[in-house]
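**Student:** Let me give you the structure first, and then I'll get to my questions.
Protein chains: 2
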Amino acid sequence: MIDLNDYYYFVHVVEKQGFTPAAQALNMPKSRLSRHVSKLEERLDIKLIQRTSRQFHVTETGKMFYQHARALLDEMEAAEAAIESRKLSLNGRVTMSCSLGVAQFAIKELLVNFLQKYPKVELVQQVTNQNIDLVSSGIDLAIRGHTDTLPDSSIIQRNLCAVSWHLFASPGYLSDTGTPRSPYDLFKRKSLKIGWQPTNGHWTLENKQGLKTTVPHHPQLCSDDMNTLKHAAIDGLGIVSLPAYTCRDAISNGTLQRVLPEWTSGKAQLSLLTPSRRAQSPVAKALALYLLDNLHTHVGDSA
Amino acid sequence: MIDLNDYYYFVHVVEKQGFTPAAQALNMPKSRLSRHVSKLEERLDIKLIQRTSRQFHVTETGKMFYQHARALLDEMEAAEAAIESRKLSLNGRVTMSCSLGVAQFAIKELLVNFLQKYPKVELVQQVTNQNIDLVSSGIDLAIRGHTDTLPDSSIIQRNLCAVSWHLFASPGYLSDTGTPRSPYDLFKRKSLKIGWQPTNGHWTLENKQGLKTTVPHHPQLCSDDMNTLKHAAIDGLGIVSLPAYTCRDAISNGTLQRVLPEWTSGKAQLSLLTPSRRAQSPVAKALALYLLDNLHTHVGDSA
DNA sequence: CTTTATTGTTCTAAATATAGAACGGTAATG
DNA sequence: CATTACCGTTCTATATTTAGAACAATAAAG
Numbered sequence: 001m002i003d004l005n006d007y008y009y010f011v012h013v014v015e016k017q018g019f020t021p022a023a024q025a026l027n028m029p030k031s032r033l034s035r036h037v038s039k040l041e042e043r044l045d046i047k048l049i050q051r052t053s054r055q056f057h058v059t060e061t062g063k064m065f066y067q068h069a070r071a072l073l074d075e076m077e078a079a080e081a082a083i084e085s086r087k088l089s090l091n092g093r094v095t096m097s098c099s100l101g102v103a104q105f106a107i108k109e110l111l112v113n114f115l116q117k118y119p120k121v122e123l124v125q126q127v128t129n130q131n132i133d134l135v136s137s138g139i140d141l142a143i144r145g146h147t148d149t150l151p152d153s154s155i156i157q158r159n160l161c162a163v164s165w166h167l168f169a170s171p172g173y174l175s176d177t178g179t180p181r182s183p184y185d186l187f188k189r190k191s192l193k194i195g196w197q198p199t200n201g202h203w204t205l206e207n208k209q210g211l212k213t214t215v216p217h218h219p220q221l222c223s224d225d226m227n228t229l230k231h232a233a234i235d236g237l238g239i240v241s242l243p244a245y246t247c248r249d250a251i252s253n254g255t256l257q258r259v260l261p262e263w264t265s266g267k268a269q270l271s272l273l274t275p276s277r278r279a280q281s282p283v284a285k286a287l288a289l290y291l292l293d294n295l296h297t298h299v300g301d302s303a
Numbered sequence: 001m002i003d004l005n006d007y008y009y010f011v012h013v014v015e016k017q018g019f020t021p022a023a024q025a026l027n028m029p030k031s032r033l034s035r036h037v038s039k040l041e042e043r044l045d046i047k048l049i050q051r052t053s054r055q056f057h058v059t060e061t062g063k064m065f066y067q068h069a070r071a072l073l074d075e076m077e078a079a080e081a082a083i084e085s086r087k088l089s090l091n092g093r094v095t096m097s098c099s100l101g102v103a104q105f106a107i108k109e110l111l112v113n114f115l116q117k118y119p120k121v122e123l124v125q126q127v128t129n130q131n132i133d134l135v136s137s138g139i140d141l142a143i144r145g146h147t148d149t150l151p152d153s154s155i156i157q158r159n160l161c162a163v164s165w166h167l168f169a170s171p172g173y174l175s176d177t178g179t180p181r182s183p184y185d186l187f188k189r190k191s192l193k194i195g196w197q198p199t200n201g202h203w204t205l206e207n208k209q210g211l212k213t214t215v216p217h218h219p220q221l222c223s224d225d226m227n228t229l230k231h232a233a234i235d236g237l238g239i240v241s242l243p244a245y246t247c248r249d250a251i252s253n254g255t256l257q258r259v260l261p262e263w264t265s266g267k268a269q270l271s272l273l274t275p276s277r278r279a280q281s282p283v284a285k286a287l288a289l290y291l292l293d294n295l296h297t298h299v300g301d302s303a
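Protein chains in written order, with the UniProt record's numbering: chain A, 1 to 303; chain B, 1 to 303.
Given below as structure tokens:
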């Protein structure tokens, strides 16, 4: 079977006029080069390099093959360079908006990766839980979480990923107060609640069979900040409903446990909003693409 | 590390619009394609194909990379086609001349391989032990064995390989008559001799230290045909001096043994003669090249 | 002529890639 | 809504490839 790497090895052996110099130029054992070139000759059923321990001569056929193989490698170098330049050439400023929760839990590492990949890009991030007007604020793209379909507008919306909300509590809390077995075990429990309007709360639970149950609970702490609620839960203050991805780390290191794993406490959608597809700068496009390509693996339900 | 095969796999996945169709087109498990494309993306540190179990989307970067990768594959196909066409396109007649011994023992398999590689080539082989005039006989190339340097002429000469002559005899003969320990043990032995002029013979032996000894022997059979002499020796008729390569098979299967392995009974040179380098047809060039590239591995002392 | 240095090839334990099946996730179908 | 069919990924025993040393061959140096 054809092996394109043979081309690579062959070209270097020809250009360095020998196996040993090629091997040290490529920093690999010469035995490998030897076997690859032999394999190539065997496959093509033609001698490309005439060699003894002291002579090195590229045959006529070998010279012709070298021309093609060199062109192939040039094409490879062009491809690699194009990728690199696409990463390096991207520059300029991009402004984005997102909620506090998304900023803290969903895209933190992603933005760092993006900026490392495109070192000339400047990113301005406006973190707010209010919905603001993208166009008048000069924002290139925004991430919004929502439960229902967003209203039509001139804004371009693209679906990023689905996000389930789960119930969480600390292992200590659960062993102290008992692990709930059904939604009814949650009735009027002490809890933590996102947002402060209203100050009393109820969870709408849904299982895989599609059954829905609404359970009232008693929030001891209401906050806009998911991180505050999460750490309150870790400290054993009660049960909290949060997007699944916000607690993935706490679940894996055991500081939180999922309550009623068969039930979800909400289903939201993350969408990417951009003012208008035409006017987008290359940086904004790249960031949008990057988020579309990668966010779901960091945040999506299936991740 | 860079792996050019990744380009190959990537191009096919893009062109077939999926891993499964590409896999069956290439007749390989899709798991391999999956890992290769993943590896490529990881190395380039960029997503090329956005894929879930039901969606397949080549990213902008992926499309650009595809253009280059496709060009690379085109170059590969050109290279492979050039090799094939070089093999197939070669046609026409080539006439060569050589001695009976060379024809029987040195180039028999080589010529078959050559003709299999270039199916449209016709080969005319004139086998004779006489030196004939290449130009007037319309011979494209000749192989000549000789001990001394050939006289200068308009003929192009290229060295093919050095050929040592050794002494051989059958194991039976040696056990019957005693295995010689030194050249003197050969004195006036019954023997087999190449050529018939003169009908009495003497061997000129030389060892690695450069010592030379001339020993007279008594030929019971003189013949121009090495094969006749070889089989006479196998049948136990006596000791024979022949080019080493003619008896390589008999040595390895045990029907002959080398006599006085420290001594050679002559040193010859095989040369390739061509009328004039300009006037050569492509076929003649190819055959000359083929013999230059391969003969020494079949015949040369080091083979 | 012997020694030395350097070449390409061969050998073998260890690392890597592969084939094929099993898997988990998703869209279309009844 | 449950079923079916299909897609890409993951898993794992098997097969291939590799690195590094040993090797054989050859030309240059002493």
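Yeah, the Cβ is synthetic: ideal placement off N, Cα and C, and Gly gets one too. Just so it is clear, the structure is predicted and the values come from calculations on it, not from any experiment.
From the DSSP output, which residues share a beta bridge with A162/B?
**Tutor:** By 1-based counting over the second sequence, the position of residue 162/B is 162. In DSSP, A162/B forms a bridge with Q269/B.
**Student:** Quick one: grab the DSSP three-state call for E77/B.
**Tutor:** Looking up residue 77/B in the second sequence gives position 77. Reduced to three states, the DSSP call for E77/B is helix.
**Student:** Considering only residues of the same chain and omitting the five flanking positions on each side of A103/A, which have a CB-CB separation below 8 Å?
**Tutor:** Mapped onto the first sequence, residue 103/A falls at position 103. Listed in chain order, the non-local C-beta contacts of A103/A below 8 Å within the same chain comprise Q125 and V127, local neighbours out to five positions each way being set aside.
**Student:** Between which residues of its own chain and T228/A is the CB-CB distance below 8 Å, once the five residues before and five after are set aside?
**Tutor:** Taking the first sequence and counting its residues from 1, the one referred to as residue 228/A is at position 228. Within the same chain, T228/A has close Cβ partners L221.
**Student:** Using the three-state DSSP reduction, which class does T246/B fall into: helix, strand or coil?
**Tutor:** Residue mapping note: residue 246/B aligns to position 246 of the second sequence, counting from 1. Reduced to three states, the DSSP call for T246/B is helix.
**Student:** What does Q50/A reach in chain B if we use C-beta pairs closer than 7 Å?
**Tutor:** Your numbering for residue 50/A matches position 50 in the first sequence. Here the neighbours are D293.
**Student:** Please list the residues of the segment 48 to 76 of chain A that have a C-beta atom closer than 7 Å to any C-beta atom in chain B, keeping them in chain order.
**Tutor:** Q50, T59, E60, T61, M64, F65, H68, A69, A71, L72, E75 and M76
**Student:** Write down every uninterrupted run of the beta strand (DSSP E) in the segment 78 to 115 of chain B whose length is 3 residues or greater and which is fully enclosed by it, in chain order.
**Tutor:** 92 to 98
**Student:** Quick one: using the 10 Å Cβ neighbour count with 16 as the cut-off for buried, is T147/B buried or exposed?
**Tutor:** As a working mapping, residue 147/B is identified with position 147 in the second sequence. The residue is exposed, with fewer than 16 neighbouring Cβ atoms inside 10 Å.
**Student:** I'd like to know whether the C-beta of L44/B is nearer than 8 Å to at least one C-beta of chain A.
**Tutor:** To locate residue 44/B, count along the second sequence from 1; it is residue 44. With its beta carbon less than 8 Å from one in chain A, L44/B belongs to the interface.
**Student:** Are any of the Cβ atoms in chain A nearer than 8 Å to that of L289/B?
**Tutor:** Here the question's residue 289/B lines up with position 289 in the second sequence. Yes, L289/B counts as interfacial toward chain A.
**Student:** In its own chain, which residues sit with a C-beta less than 8 Å from the C-beta of H218/A, not counting the 5 before and 5 after it?
**Tutor:** Along the first sequence, one-based indexing puts residue 218/A at 218. These residues qualify, in order along the chain: K188, R189, K190, S191, N200 and G201.
**Student:** The alpha helix (DSSP H) spanning N131/A covers which residue range?
**Tutor:** Position 131 of the first sequence, counted from the start, is the residue given in the question as residue 131/A. Looking at the DSSP string, N131/A is not in any alpha helix (DSSP H), and its letter there is neither H nor E.
**Student:** Alpha carbon to alpha carbon, what distance is there between A244/B and A303/B?
**Tutor:** For the purposes of this step, residue 303/B is taken as the residue at position 303 of the second sequence. For the purposes of this step, residue 244/B is taken as the residue at position 244 of the second sequence. For A303/B, the pLDDT reaches just 48, beneath the cut-off of 50, and the residue's location in the model is therefore unreliable, although a value from the coordinates is still provided. Cα to Cα, the separation comes out at about 10 Å.
**Student:** Take the Cβ of V283/B as the centre, count every other Cβ of all protein chains shown within 10 Å, and call the residue buried at 16 or more, exposed below.
**Tutor:** Residue numbering aside, residue 283/B sits at position 283 when the second sequence is read from its first letter. Classification for V283/B: buried.
**Student:** Assign K87/B to one of two classes, buried (16 or more other C-beta atoms within 10 Å of its C-beta) or exposed (fewer than that).
**Tutor:** In the second sequence, residue 87/B corresponds to position 87, counting from 1. So K87/B ends up on the buried side.
**Student:** What three-state label does DSSP hand T264/A in the structure shown?
**Tutor:** Working through the first sequence from its first residue, we reach residue 264/A at position 264. T264/A falls in the strand class under three-state DSSP.
**Student:** Taking CB distances under 8 Å as the criterion, tell me whether N5/B reaches chain A.
**Tutor:** One-based indexing of the second sequence puts residue 5/B at position 5. The beta carbon of N5/B falls within 8 Å of a beta carbon belonging to chain A, placing the residue at that interface.
**Student:** Would you check if the distance between the CB atom of H298/B and the CB atom of L110/B is smaller than 8 Å?
**Tutor:** The sequence position of residue 298/B within the second sequence is 298, counting from 1. The sequence position of residue 110/B within the second sequence is 110, counting from 1. Going by C-beta atoms, H298/B is nearer than 8 Å to L110/B.
**Student:** Using alpha carbons as the reference points, say which of I132/B, E41/B, P216/B and N253/B lies closest to S241/B.
**Tutor:** Position 241 of the second sequence, counting from 1, holds the residue named residue 241/B. Residue P216/B holds the alpha-carbon nearest to the alpha-carbon of S241/B among I132/B, E41/B, P216/B and N253/B.
**Student:** State the start and end residues of the unbroken alpha helix (DSSP H) segment that holds G172/A.
**Tutor:** Against the first sequence, residue 172/A aligns to sequence position 172. DSSP places G172/A inside the alpha helix (DSSP H), whose first and last residues are P171 to T177.
**Student:** Tell me the DSSP secondary structure of G201/B in three-state form.
**Tutor:** Within the second sequence, numbered from 1, the residue matching residue 201/B stands at position 201. In the structure shown, G201/B sits in a strand (DSSP, three-state: E or B).
**Student:** Does the beta-carbon of E75/A have 16 or more other beta-carbons within 10 angstroms, so that it is buried, or is it exposed?
**Tutor:** Taking the first residue of the first sequence as position 1, residue 75/A is located at position 75. Only buried fits E75/A, as 16 or more other CB atoms lie within 10 angstroms of its CB.
**Student:** Does L4/B pass the burial test, meaning 16 or more other C-beta atoms within 10 Å, or should it be called exposed?
**Tutor:** To locate residue 4/B, count along the second sequence from 1; it is residue 4. Counting the other CB atoms within 10 Å of its CB gives L4/B a total of 16 or more, which places it among the buried residues.
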